[in-house]
Amino acid sequence: MDQAGIIRDLLIWLEGHLDQPLSLDNVAAKAGYSKWHLQRMFKDVTGHAIGAYIRARRLSKSAVALRLTARPILDIALQYRFDSQQTFTRAFKKQFAQTPALYRRSPEWSAFGIRPPLRLGEFTMPEHKFVTLEDTPLIGVTQSYS
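All residue numbers for the sequence shown refer to our numbering, where the first residue is 3 and numbers rise by one.
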């Protein structure tokens with residue numbers, strides 16, 4: 003199996019284990035490589051450090067849990083393997099530019115900071131082109147609600 007195939011399988015495995023303890027040693031054992039070789043291979047194939055990728059995915063999944071559930075922030079932090087609510091809040095604020103409590107209460111759900119799972123070899127990039135459209139007049143109606 004080539005490097006991309008190994009990392010693709012590892013990414014699938016990681017996605018299913020984000021709420022479990024993951025150390026570099028047990029991830030390397032799962033992949034069957036030394037931790038140093040695995041880190042280099044992961045970075046070469048994905049462009050991301052393995053630890054940073056895992057942290058970003060855990061934070062992204064926790065952000066979804068914050069928006070879709072009423073569970074306490076501490077419970078979500080512990081589910082995604084953060085040592086404390088303070089550690090979780092610090093990491094969350096670094097990735098999402100706001101605290102978990104503000105993120106939960108925000109009236110709009112922004113995708114800013116969400117890191118989707120990496121998918122290797124499952125899609126091709128669509129071809130793109132720039133087009134110029136003709137001017138189109140638009141008519142609108144404004145309404146206000148109190």
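Here a beta-carbon is modelled for each residue, glycine too, at the ideal position from N, C-alpha and C.
Exercise. Taking the C-alpha atoms as reference points, what is the distance between alanine 87 and alanine 31?
Worked result: For the purposes of this step, residue 87 is taken as the residue at position 85 of the sequence shown. For the purposes of this step, residue 31 is taken as the residue at position 29 of the sequence shown. The residue asked about is misnamed: residue 87 is glutamine in this sequence, not alanine. Approximately 30 Å, taken between the alpha carbons.
Problem set entry | Buried or exposed (CB count within 10 angstroms, at least 16 for buried), lysine 131 | In the sequence shown, counting from the first residue as 1, residue 131 sits at position 129. Counting Cβ neighbours within 10 Å, lysine 131 comes out exposed, since fewer than 16 surround it.
Exercise. Among the residues of its own chain, which have a CB less than 6 Å from the CB of alanine 67, if the five just before and after it don't count?
Worked result: Translated into positions along the sequence shown, residue 67 becomes position 65. The answer, listed in chain order, is Ile78.
Problem set entry | CB of alanine 58 within 8 Å of CB of glutamine 97, strictly | Locating residue 58 in the sequence shown gives position 56, counting from the first residue. Locating residue 97 in the sequence shown gives position 95, counting from the first residue. One thing to note: alanine 58 has its Cβ within 8 Å of the Cβ of glutamine 97.
Exercise. In its own chain, which residues sit with a C-beta less than 7 Å from the C-beta of aspartate 27, not counting the 5 before and 5 after it?
Worked result: Counting from one through the sequence shown, the residue named residue 27 turns up at place 25. Taken in chain order, the residues that qualify are Lys37.
Problem set entry | alpha helix (DSSP H) runs contained entirely in the region 102-128, provided each spans 4 or more residues | Listed in chain order, the complete alpha helix (DSSP H) runs (minimum 4 residues) inside the region 102-128 are 102-107.
Exercise. Under a three-way DSSP split, which group does serine 36 fall into?
Worked result: As a working note, residue 36 is residue 34 in the sequence shown. In this structure, serine 36 counts as coil in the three-state DSSP scheme.
Exercise. With 16 other CB atoms within 10 Å as the buried threshold, where does arginine 69 fall?
Worked result: Your numbering for residue 69 matches position 67 in the sequence shown. With fewer than 16 other Cβ atoms inside 10 Å of its own Cβ, arginine 69 counts as exposed.
Problem set entry | Close beta carbons around alanine 51, own chain, < 8 Å, minus the five adjacent residues each side | Residue 51 sits at position 49 when you count from the first residue of the sequence shown. In the same chain as alanine 51, and ignoring 5 residues on each side of it, the C-beta atoms closer than 8 Å to its own belong to Gln41, Phe44, Lys45, in chain order.
Exercise. Which whole runs of the alpha helix (DSSP H) in the region 29-98 are 4 residues long or more, in chain order?
Worked result: Residue ranges of uninterrupted alpha helix (DSSP H) with 4 or more members, entirely inside the region 29-98 and ordered along the chain, are 37-48, 52-70, 75-81, 87-98.
Exercise. What's the gap between the Cα of threonine 71 and the Cα of tryptophan 111?
Worked result: For this step, residue 71 is matched to residue 69 along the sequence shown. For this step, residue 111 is matched to residue 109 along the sequence shown. Near 14 Å, if we compare the C-alpha coordinates of tryptophan 111 and threonine 71.
For this session: Using the Cα positions of serine 62 and histidine 39, report the straight-line distance between them to the nearest angstrom.
Result: Residue 62 sits at position 60 when you count from the first residue of the sequence shown. Residue 39 sits at position 37 when you count from the first residue of the sequence shown. Serine 62 and histidine 39: Cα-Cα distance of roughly 27 Å.
Problem set entry | Buried/exposed call for isoleucine 141, threshold 16 Cβ in 10 Å | Position 139 of the sequence shown, counted from the start, is the residue given in the question as residue 141. Within 10 angstroms of the beta-carbon of isoleucine 141 lie fewer than 16 other beta-carbons, which makes it exposed.
Exercise. Does the Cβ-Cβ distance between leucine 120 and leucine 13 come in under 8 Å?
Worked result: Translated into the one-based positions of the sequence shown, residue 120 becomes position 118. Translated into the one-based positions of the sequence shown, residue 13 becomes position 11. It is a contact, given that the beta carbons lie within the stated cut-off.
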